[in-house]
Structures are given as C-alpha cells and as structure tokens.
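Colleague:
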Amino acid sequence: MKRIRLYLVRHGHVDYFDAAQQPINPKYAPLSAQGEQQIQMLAEHLQAIQMDQIFSSTMPRSIQTAEILARQQDQKTINSYDEIREIKSGRLKDIPVDQAEVLIKKAYYPKKFALNGFLQGESWTDFETRVITWFQQMLRQQSQSKPQQTTQHILVSAHDAVNRIVLNWVQGLQQHDVQVQEQNYACLNIIDFYLQDQHIVESRILLQNFTAHNILKINQLNEKSPT
41 MKRIRLYLVR HGHVDYFDAA QQPINPKYAP LSAQGEQQIQ MLAEHLQAIQ MDQIFSSTMP
101 RSIQTAEILA RQQDQKTINS YDEIREIKSG RLKDIPVDQA EVLIKKAYYP KKFALNGFLQ
161 GESWTDFETR VITWFQQMLR QQSQSKPQQT TQHILVSAHD AVNRIVLNWV QGLQQHDVQV
221 QEQNYACLNI IDFYLQDQHI VESRILLQNF TAHNILKINQ LNEKSPT
C-alpha cells in the first residue's frame with residue numbers, strides 16, 4: 041500500500057484593482073505584495089518537506105504561489121493544469137437585481153438554494169466532476185511512480201472553490217454545499233491518501249485551513265467568493 045500525502049494550498053492574497061483602481065480580469069490577476077509575503081511564510085514551514093511533485097492550475101496567481109513554494113524545494117518543476125482552475129463565474133452585471141441576494145451572497149449553497157451555476161457561470165456539477173477527476177487521475181498516476189517509495193509528498197497550488205470541492209470529496213460530501221469548508225488566502229490543507237492497486241482505499245484529513253501568517257485567524261475576514 042502506498043501513502044500519498046497531499047499538501048493542498050490556496051494561493052495568496054490577490055488585488056482585483058490596479059494602482060489606478062481599474063478592475064483586473066480575475067483570470068489574470070497576480071498575487072499582491074501581501075499575498076507573496078503570506079506564501080513566503082508558508083514556504084518556511086514547508087521547507088522541511090521535500091516534495092516529489094508540484095502542481096498548480098494555469099492561472100497566474102496559482103503558478104506564482106507554486107513558484108514561491110518551490111524556491112525552498114529540490115523539486116523545482118511545476119506542472120500546471122486547466123482542470124484545477126477556479127470555478128468560472130458569470131458576469132455580475134448580468135445578474136438580475138431581484139436575484140442578486142441569493143446568487144451572490146449564497147453562491148456557496150448551490151444545493152440549498154438550487155443554484156445550477158456559480159454566479160450564472162460554470163455549473164457546480166461540471167466543476168466538481170473536473171476537479172475530482174483530475175485529483176483521482178493524479179493520485180493513480182503518482183501511486184505508480186517511484187515504486188520503491190511507500191510515501192510520496194505532493195504539493196498542489198489551487199483555489200478556494202477547488203479546495204472546498206476536494207475537502208467535500210474526502211469527507212464523502214460530493215454534490216453538497218461547500219460553504220462550511222472555509223479556505224482563507226494562503227491556507228494549507230494536508231490530506232493522506234492510501235492507495236492499493238491504484239485505488240484509493242482510505243483518506244484522512246490531517247490539517248485544514250492552516251494559515252502560517254495568521255494562525256489564530258485574528259481579524260480574519262470571511263472570504264466567501266472564490267478567487
């Protein structure tokens with residue numbers, strides 16, 4: 041039986057407005073200086089662990105996060121995948137005023153409020169399928185690599201809603217609301233997966249939503265929108 045220890049990270053803080061206070065397309069928004077500092081603090085905690093593989097999404101903030109974490113690693117290569125990009129939202133200006141209260145404030149309750157898509161964008165069902173499918177395939181592939189190792193350490197730099205879906209999946213809560221799975225900027229989750237014959241036979245959450253820059257969550261804002 042092989043154990044794969046997953047270090048699942050949400051990217052650091054992001055500013056969605058430039059110096060002139062003009063909005064930045066979320067698809068291209070980079071880490072802020074604050075976000076870089078947050079991830080650097082996390083990197084110092086993780087430097088004692090040498091990762092076997094490092095993955096990110098193809099979004100700049102996810103890649104930047106992985107790059108900062110990789111500086112402390114022997115493994116410098118980062119493999120980036122579209123499948124673990126953040127859930128795609130619709131356009132806020134297209135949301136009817138009379139539906140804004142539910143569609144925006146309750147966006148992480150798709151089951152409770154029968155919301156098919158995130159802010160009238162990508163459907164939660166499709167999003168969950170692409171995220172879980174990628175993680176299942178990645179874990180199976182890693183279980184076949186380095187057969188002499190009984191334990192592998194895998195780092196994944198991802199996003200708020202992506203991480204929430206993974207945590208729900210590990211807890212057997214597929215197709216459930218994700219509101220309860222808080223994921224602050226630059227947070228770390230550690231999950232052990234046990235695989236036999238390329239099948240996951242057991243999983244355990246060892247750590248969830250740990251923020252090296254704010255361990256006690258002092259003055260921590262509730263960051264509900266996936267960014």
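Under this note's numbering, the first residue of the sequence shown carries the number 41, and numbering increases by one thereafter.
The C-beta atom is built at its ideal place from N, Cα and C for all residues, glycine as well.
Computed from a predicted structure; not experimentally measured.
1) What is the DSSP secondary structure of Arg101, counted as helix, strand or coil?
2) With 16 as the cutoff for other CB atoms within 10 Å, does Gln90 come out buried or exposed?
3) Which full runs of the alpha helix (DSSP H) of 4+ residues lie inside the region 43-117, going along the chain?
4) Please classify Arg204: does DSSP put it in a helix, a strand, or coil?
5) Could you tell me how far apart the beta carbons of Leu246 and Asp232 are, in whole angstroms, since I believe they sit closer than 8 Å?
6) Given this structure, state the Cα-to-Cα distance separating Tyr234 from Arg180, to the nearest angstrom.
7) Can you tell me whether DSSP reads Glu162 as helix, strand or coil?
8) Output the distance between the C-alpha atoms of Gln50 and Gln104, rounded to the nearest integer angstrom.
9) Per DSSP, which residues does Ala198 bridge with? Please list them.
10) So Val33 and Glu123 are supposed to be a Cβ contact under 8 Å. How far apart are they, rounded?
11) Could you check what DSSP says for Arg244 in three-state terms: helix, strand or coil?
12) Let me confirm a value: Asp200 is counted as buried when at least 16 other C-beta atoms fall within 10 Å, else exposed. Which label applies?
13) Just tell me which of Lys146, Met178, Ile144, Val202 has its CA closest to the CA of Phe167.
14) Grouping DSSP H, G and I as helix and E and B as strand, with all else coil, what is Asp237?
15) The beta strand (DSSP E) with Asn119 in it runs from where to where?
Modeller: So, from the data block:
1) Numbered from 1 along the sequence shown, position 61 holds the residue referred to as residue 101. Three-state result, Arg101: helix.
2) As a working note, residue 90 is residue 50 in the sequence shown. Exposed, by the Cβ-count rule.
3) 73-86, 100-110
4) Residue numbering aside, residue 204 sits at position 164 when the sequence shown is read from its first letter. Looking at Arg204 - three-state DSSP - the assignment turns out to be helix.
5) Taking the first residue of the sequence shown as 1, we reach residue 246 at position 206. Taking the first residue of the sequence shown as 1, we reach residue 232 at position 192. Sure, about 6 Å apart at Cβ, within 8 Å.
6) In the sequence shown, the residue the question calls residue 234 occupies position 194. In the sequence shown, the residue the question calls residue 180 occupies position 140. Cα-Cα distance, rounded: 11 Å.
7) Numbered from its first residue, the sequence shown carries residue 162 at position 122. Glu162: coil per DSSP, three-state reduction.
8) Against the sequence shown, residue 50 aligns to sequence position 10. Against the sequence shown, residue 104 aligns to sequence position 64. It should be pointed out that residue 50 corresponds to Arg in this sequence rather than to Gln. Rounded to the nearest angstrom, the two C-alpha atoms are 11 Å apart.
9) Along the sequence shown, read from residue 1 onward, the residue named residue 198 stands at position 158. Beta-bridge pairing links Ala198 to Arg50.
10) In the structure as shown, the chain starts at 41 and stops at 267, and residue 33 therefore has no counterpart that could be examined.
11) To locate residue 244, count along the sequence shown from 1; it is residue 204. Arg244 falls in the strand class under three-state DSSP.
12) Your numbering for residue 200 matches position 160 in the sequence shown. Result: buried.
13) Reading the sequence shown from its first residue, position 127 is the one you call residue 167. Minimum Cα distance to Phe167 is reached at Val202.
14) Translated into the one-based positions of the sequence shown, residue 237 becomes position 197. Residue state, collapsed to three classes: coil.
15) The residue given as residue 119 occupies position 79 in the sequence shown. 119-121 is the extent of the beta strand (DSSP E) around Asn119.
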